[in-house]
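Sequences listed follow chains E and B, in order. Last residue of the first sequence: number 1839 in our numbering, and the count goes up by one each step with no gaps. Last residue of the second sequence: number 165 in our numbering, and the count goes up by one each step with no gaps. Step one of this worksheet: look at the structure below.
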Amino acid sequence: SPHLPAYAPASLSRGRRLHRAVGNTLRPVSMANAKRIVDCISAHSWNADQSLVALCPNNSEVHIYRKDGTNYKREHVLTDHDQVVTAIDWAPKTNRIVTCSQDRNAYVWKLENGQWKPTLVILRLNRAATDVRWSPNEDKFAVASGAKVISVCYYEEENDWWVSKIIKKHKSTVNAVTWHPNNIFVASGSSDFKARVFSGFVKGIDSKDSLQGLPEGAAKFGEPLAEYESKGWVHSVAFSPDGKALAFCGHDATVSIVDDVLGSGESRTVLRLPLLPLVNVAFVANDALIGVGHDNTPILVSKKGGSWAFVKKLDEKGLADGDSSGPAKTSAVSSAFAKFQAQATQGSDKKTEKLETVHQNCITNIVPFRASDGKASKFSTSGLDGIICVWDWQTIEQKLAGMSVN
Amino acid sequence: RKCTKAGNMADDSGDIGPKTVPDEELLAQIKERESKVSSLISSNTKEALIASLQNPPVATKNQEIKDANAKIVFKVLAAIKEMEIKGAVAALSPDDSDVLMKYVYKGLETQPKMSPSLLKWHAAITAKDGLGTITRALVERQTV
């Protein structure tokens, strides 16, 4: 609902606007734009111009909302899945959405006459699908699953259907999958404590020319090209925009970045974080990695100082600005409302205090808004609290640069 | 790992997780550590602590070996007074803090008499190195 959430800071109810950065704290108004849309979000993805967002409210449906400033209006509800939709990816160029679910299926959705039409993809999985990503050229997509395999799917013109090819080699659930900018390499993070890079080369879809300069094994589909160990389950993997670095985060509260992953891949930095584990990571630039997880705040890991290091939590001293328009409720109704909302967001009705961070519970997804060079000026996060927050990375970066000079 | 090498894959015997080290090697390391710590413990407790935390015998399933090493660490912890805990923790590298946190949890499990001081150690380590040390103590499969 579009009214001001009950947890908005008190200063807004007194009619004052949040002020710009003060001293050493990151507190500018325009840095984060948060909105609680549903109770809990399991996955989300934006279209090419960030006007529409597809999300799953932790059930078998996919909702498509239109973002208009700070308001979100629901436009479509897609109900073909039978179980929780675990991942959604919206291809910016071809405007197709791929969704995968715990019902072991994936659907590719195409917009026809204002309606989203699904095409079922036979993944040949006997366990839930956990993650799905379009390849950079949007001609293939990879699905990670609890069946300990990755399913790489491509479209076969002659039969007008999506065919899947299986990559095995994992010893446990594959939690996350991502593509390298060269459209060939696929990286995966698994509960068998390893992050791996495979070749996702599909004859007929990928050309022989694209193999130039790549290691020998790259021509064979499913060929394992690299393997990295972690001491905790690997929750997420990400390639940098230039494809030179691979980052992955583990449940042991570490994040590892492998520089030069296409070459020798020998240079690996393991950062022990003084935080709770990260659940998802994404590069916003070649030297900046944002991680999100159980600390309810995005964190920045940067190479600006010469080597990779944890810089800081981005959500400090409460950036919450939510809706900066509209009156706030100050009646007894709002405190009762806050109590129930606390129960929904934090799982307990005893604590009615809002957490200082924008997110009130674990952040599970981060989606960078990428320009054509792969770098992002903004990114959005969603989590178990049902909040979607759009972060202005450019502004944050400037503030950080200003602070370090001070 | 070189991109063309996939050698490690063939070694996987189906067991998920890190590899083990032969027991004899570990026993030898423990003996060495014990003598080093004994010599330091009366003169420089900070150094003794750091020495006791190096290369813990995590790569084995043999509980006796782990207990033998734990004995050394607990000896040093007992020798450090409460007032000195903060200073001793400050001298530790992040690696050592992680190992010490694991021994704190092991101590809370097996050494009930040490609980009050172990809780102080726990607080000191968390203050310095954050919640990540606790997470790693709980998550890492190779335990001390």
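Ideal Cβ placement from N, Cα and C applies to all residues, glycine included.
- Secondary structure of Gln-1548/E (DSSP, three-state): strand.
- Taking 9 Å as the cut-off, the Cβ atoms of Leu-1679/E and Ile-1690/E count as close.
- Listed along chain E are Arg-1705, each with a C-beta nearer than 8 Å to that of Pro-115/B.
- In the DSSP secondary-structure assignment, Phe-1574/E is bridged to Trp-1567/E and Cys-1586/E.
- Under DSSP, the beta-bridge partners assigned to Tyr-1661/E are Ala-1628/E.
- Nearest neighbour of Lys-1641/E by Cα position, chosen from Ser-1623/E, Lys-1573/E and Ile-1617/E, turns out to be Ile-1617/E.
- Cβ neighbours of Arg-1560/E within its own chain (closer than 6 Å, five residues either side excluded): Ser-1578, Gly-1579 and Ala-1580.
- As DSSP reads the structure, Ile-1690/E sits in a beta bridge with Ala-1680/E and Thr-1702/E.
- In this structure, the CA atom of Val-1554/E is about 40 Å from the CA atom of Trp-1741/E.
- Under the Cβ distance rule, Lys-1664/E counts among the residues neighbouring chain B, one pair being separated by less than 9 Å.
- Taken through DSSP and simplified to helix, strand or coil, Trp-1542/E comes out as strand.
- Shown here, Leu-1709/E sits in coil according to DSSP, grouped into three states, outside any helix or strand.
- For Trp-1826/E, the secondary structure class from DSSP, reduced to helix, strand or coil, is helix.
- Between Lys-1573/E and Ile-1638/E, the CB-CB gap stays under 9 Å.
- By alpha-carbon distance to Phe-1743/E, the top candidate from Thr-1687/E, Ala-1628/E and Glu-1571/E is Thr-1687/E.
- Comparing alpha carbon positions, the residue from Leu-1695/E, Asn-1492/E, Asn-1504/E and Thr-1797/E closest to His-1727/E is Thr-1797/E.
- For the C-beta of His-1684/E, the chain B residues within less than 9 Å are, from N- to C-terminus, Thr-156 and Val-160.
- Counting along the chain, no alpha helix (DSSP H) covers His-1727/E, and no H or E run does either.
- DSSP places Arg-1803/E in the uninterrupted beta strand (DSSP E) bounded by 1796-1803.
- Residue Val-1582/E holds the alpha-carbon nearest to the alpha-carbon of Ser-1621/E among Val-1582/E, Val-1486/E and Glu-1589/E.
- Taking the Cβ atoms as the reference, Ile-1799/E lies roughly 7 Å from Pro-1731/E, within the contact range of under 8 Å.
- With a cutoff of 9 Å on beta-carbon distance, Tyr-126/B and Leu-98/B are scored as not near each other.
- Pro-1710/E reaches chain B at Gly-153, Thr-156 and Val-160, counting residues in chain order whose Cβ is nearer than 9 Å.
- Taking 9 Å as the cut-off, the Cβ atoms of Lys-1602/E and Pro-1657/E count as close.
- Note on Arg-1507/E: under 16 other CB atoms within 10 angstroms of its CB, so exposed under the neighbour-count rule.
- Between the segment 1659-1676 of chain E and the segment 1605-1612 of chain E there are three or more inter-stretch CB-CB distances shorter than 8 Å, so the stretches are counted as touching.
- At least one beta carbon of chain B lies nearer than 9 Å to the beta carbon of Thr-1687/E.
- In the three-state DSSP reduction, His-1668/E falls in the strand class (E or B).
- In terms of Cα proximity to Ser-1815/E, the closest of Gly-1724/E, Tyr-1540/E, Ser-1673/E and Ser-1493/E is Gly-1724/E.
- Apart from the 5 residues on each side of it in sequence, Lys-1604/E sits with its Cβ closer than 7 Å to the Cβ of Lys-1581 and Asp-1625 in its chain, given in chain order.
- Under the three-state reduction of DSSP, Lys-107/B is assigned to helix.
- If you ignore the 5 residues before and after Asp-1472/E, its C-beta comes within less than 6 Å of the C-beta of Ala-1777 and Gly-1819, all in its own chain and listed in chain order.
- Checking the DSSP bridge columns, you'll see Tyr-1505/E partnered with Lys-1500/E.
- For Asp-44/B, no CB of chain E lies under 9 Å from its own CB, so it is not counted at the interface with that chain.
- Arg-1701/E and Leu-74/B have their alpha carbons spaced roughly 24 Å apart.
- Counting only residues of its own chain and dropping the five nearest sequence neighbours on each side, Ala-1467/E has a CB closer than 6 Å to the CB of Gly-1755, Val-1791, Ile-1820 and Cys-1822.
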